[in-house]
Every structure is written in C-alpha cells, then in structure tokens.
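Read the structure below first, then the notes.
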Amino acid sequence: MSNKTERTDLTNLALKEWGTVVEILAERGEVWPNTDCTRWGPGLTRAMDRSQTLTEACAIIGADDARDLGRLSDLYDRIHGRL
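Read left to right, the sequence shown gives residues 1 to 83 (full-length UniProt numbering).
Shown next as structure tokens:
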C-alpha cells in the first residue's frame, strides 16, 4: 500500500498531464468527453495515453480521486473552477 504523499504526488502528475489534454482540446475548440478521438494528432493521443496510464497507476495505489479519466477530469475541473 502507498502512503499519502505518494498518492498525492501521483495524483498531481495525473492532473498535470490532464491539463495538457484540456489545453490541446481547447486549442481545437473541443472539450472532454465531447471529442472525436479518430481525428486526434499524435500530441493529443500521447497526452491522453499518459493520462490513462497515470489514472491506472492511481487506481493501483489507492488514489481514488484520480483512479479513472472521469474522476480525474472532475477533480481537474473542481481545482480549476471549471464546474
């Protein structure tokens, strides 16, 4: 089992990567989850892949606020006043 610091650090990494996804989507005039992944370029695809990997790691270590993309997106929106 992980400790609180490890969970916080991994959650922060996931949030940072999710910020990249949000930024790229915004540049395209899109928002999550209303986007067509078949039209993504390599940058957005890689950022989304990294976000997915980080959420899977969060789930493994018990960082529940970021254990999947839906929760990560909600957490990001709460932190950044987007809700």
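Built from N, CA and C at the ideal position, the CB exists for glycine as well.
Exercise. In the DSSP assignment, what are the bridge partners of V31?
Worked result: Here residue 31 refers to the residue found at position 31 when the sequence shown is read from its first residue. According to DSSP, V31 shares a beta bridge with N34.
For this session: Provide the residue span of the alpha helix (DSSP H) that contains D74, from first to last.
Result: Taking the first residue of the sequence shown as position 1, residue 74 is located at position 74. Going by DSSP, D74 is part of the alpha helix (DSSP H) stretching over L69 to I79.
Exercise. L54 to A26, Cα distance in whole Å?
Worked result: For the purposes of this step, residue 54 is taken as the residue at position 54 of the sequence shown. For the purposes of this step, residue 26 is taken as the residue at position 26 of the sequence shown. Distance between the alpha carbons of L54 and A26 is about 21 Å.
For this session: Would you tell me roughly how many angstroms separate the C-alpha atoms of L72 and H80, rounded to the nearest one?
Result: Translated into positions along the sequence shown, residue 72 becomes position 72. Translated into positions along the sequence shown, residue 80 becomes position 80. C-alpha of L72 to C-alpha of H80: approximately 12 Å in a straight line.
Problem set entry | Beta-carbon spacing of V21, A47 below 7 Å | Taking the sequence shown and counting its residues from 1, the one referred to as residue 21 is at position 21. Taking the sequence shown and counting its residues from 1, the one referred to as residue 47 is at position 47. Taking 7 Å as the Cβ cut-off, V21 and A47 qualify as a contacting pair.
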